[in-house]
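To keep things clear, I will list the structure first and then write my remarks on it.
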Amino acid sequence: MFEGFELRSFDTGEATIRARVGGSGPPVLLLHGHPQTHVMWHLVAPVLARELTVVAADLRGYGGSSKPPSTPDHEPFSKRALARDHVSLMRELGFDRFSVAGHDRGGYSAYRLALDHPERVERLAVLDIVPAGEAWCRADTRFMLGWWHWAFLAQPAPLAERLLAADPEAYYFRGDRTIFHPEALAEYLAAIHDSETRRAMIEDYRANATLDRAADDADRSAGRRIGCPTLLLWARGDDLEELYGDPLAVWRDWADDLQGRGLDCGHYLAEEAPEETEPSSCASSLARPGLARGRWIQVLARVTEGPDPPPARVQPNAEICTGG
17 MFEGFELRSF DTGEATIRAR VGGSGPPVLL LHGHPQTHVM WHLVAPVLAR ELTVVAADLR
77 GYGGSSKPPS TPDHEPFSKR ALARDHVSLM RELGFDRFSV AGHDRGGYSA YRLALDHPER
137 VERLAVLDIV PAGEAWCRAD TRFMLGWWHW AFLAQPAPLA ERLLAADPEA YYFRGDRTIF
197 HPEALAEYLA AIHDSETRRA MIEDYRANAT LDRAADDADR SAGRRIGCPT LLLWARGDDL
257 EELYGDPLAV WRDWADDLQG RGLDCGHYLA EEAPEETEPS SCASSLARPG LARGRWIQVL
317 ARVTEGPDPP PARVQPNAEI CTGG
């Protein structure tokens, strides 16, 4: 996996971030979800690297990135702190402005980056989420039954740490594992069996319930919005439509320039639906033939010319296995 990419570590001043870097052209930062690592992009990143400089990073606390000590307010694992990592990482690579795509927890980090550092973000893609503040303020019985882990992981230490240590695989990967490449799955399993990684991932959720929600609430009250072009993709096999009806309607309160659609797959979009069958007219709008694969990320870095062709649906190829 990741042929032609270089695996590197970057000191951001607050954390050490592991990332794979490959390709050349306009820069795009790819951020993974929970409980994964940057390896979740293994089907998408090599295709993007034909036209773009691709940086696939492990979030602070995940994978090969460092797991700093936390604080009583969980600030070291807030999305605001993670956004500072992303800015430092990309600056070290020579990019003051870049596009960013984030799935699941990486999506929360990505839109926080766009809100806190609008001068840095060229385009934004968020995959299978609504803003954390929206999720909390709209929480009802359906949400808490389906997303119970949000409240569970946010409980004070060491409750979640002790319970998850008993059988990490039964908790984190109780769904269909066949959707993951064996090498990717091995990486994810190694991560969840590391106690420091579990601690850091749990702190991520404690920050989500407190500082992240507060940051979203403050932005909403102040009328701060995402100004860059924003792409929302969600899994029709997951539950965003069940919970929120039209996810685009939720995001219109947050983004000025928004487009998006649902894909016929489960929660892990980049691994379940890395290819999309676009209309035949799509090929003429791309820099090179064959770039239709993974094109739902390519819009980030303006590798196409002219208006985007109409979106197409992809066929489901795996059962849902929800993160969130």
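Under our numbering, the residue at position 262 of the sequence shown is numbered 278, and the numbers go up by one with no gaps. The C-beta atom is built at its ideal place from N, Cα and C for all residues, glycine as well.
Item, Value
"The alpha helix (DSSP H) with Glu108 in it runs from where to where?", "Lys95 to Glu108"
"Grouping DSSP H, G and I as helix and E and B as strand, with all else coil, what is Leu307?", "The predicted model places Leu307 with a pLDDT of 32, which falls under 50 and marks its position as unreliable; any figure quoted below should be read in that light. Looking at Leu307 - three-state DSSP - the assignment turns out to be coil, as it is neither helix nor strand."
"To the nearest angstrom, how far is the alpha carbon of Val63 from that of Gly239?", "37 Å"
"Enumerated in chain order, which unbroken segments of the beta strand (DSSP E) with a length of 3 residues or greater are wholly contained in the stretch 109 to 170?", "114 to 119 and 137 to 143"
"Determine the extent of the beta strand (DSSP E) in which Trp387 is found, giving its start and end residues.", "Any question about residue 387 goes unanswered here, given that the chain covers just 17 to 340."
"For a test of the three-state rule: what should DSSP assign to Glu177, helix, strand or coil?", "helix"
"Based on Cα-Cα distance, which residue from Trp164, Leu143, Ala151 and Met106 lies nearest to Cys281?", "Leu143"
"At least one CB of chain D closer than 7 Å to the CB of Ala170: is that the case?", "Going by chain labels, chain D is absent from the structure shown, which holds only one protein chain."
"Tell me the DSSP secondary structure of Gly20 in three-state form.", "coil"
"Could you work out which residue in Arg154, His283 and Glu22 is closest to Gly253 when comparing CA atoms only?", "His283"
"When the Cα of Ser115 is compared with those of Arg121, Glu108 and Leu129, which residue comes out closest?", "Leu129"
"Cβ of Arg139 within 7 Å of Cβ of Pro245?", "yes"
"Take Ile218 and list the residues in its own chain whose beta-carbon comes closer than 7 Å to its own, dropping the five residues that flank it on each side.", "Leu169, Ala176 and Glu177"
"According to DSSP, is Arg36 part of a helix, a strand, or is it coil?", "strand"
"Can you give me the start and stop residues for the alpha helix (DSSP H) that Val55 sits inside?", "Taken as a continuous stretch (DSSP letters only), Val55 belongs to no alpha helix (DSSP H), as it is neither H nor E."
"Helix or strand or just coil, what does DSSP make of Arg190?", "coil"
"Looking at Gly49 and His133, is the spacing between their C-beta atoms short of 7 Å?", "no"
"Pick from Thr157, Ala65 and His54: whose alpha carbon is nearest that of Leu75?", "His54"
"So is Arg229 buried or exposed if we call it buried at 16+ other beta carbons inside 10 Å?", "buried"
"Hey, quick one: how far does the beta strand (DSSP E) through Pro43 stretch, first residue to last?", "Pro43 to Leu47"
"In whole angstroms, what is the alpha-carbon distance linking Ser86 and Gly38?", "32 Å"
"From Ser300 to Arg66, what distance separates their C-alpha atoms?", "Bear in mind that the predicted position of Ser300 carries a pLDDT of just 22, short of 50, making it unreliable; the figure below should be weighed with that in mind. Cα-Cα distance, rounded: 17 Å."
"Classify Asp232 as helix, strand or coil using the three-state DSSP reduction.", "helix"
"When you compare only the Cα positions, how much space is there between Leu180 and Arg154?", "27 Å"
"What's the C-alpha gap between Ser104 and Arg136?", "11 Å"
"With 16 other CB atoms within 10 Å as the buried threshold, where does Gly276 fall?", "buried"
"Using only the alpha-carbon positions, how far apart do Val319 and Val70 sit?", "Bear in mind that the predicted position of Val319 carries a pLDDT of just 37, short of 50, making it unreliable; the figure below should be weighed with that in mind. Cα-Cα distance, rounded: 13 Å."
"Return the CA-CA distance between Glu91 and Asn224, expressed in angstroms with no decimal places.", "10 Å"
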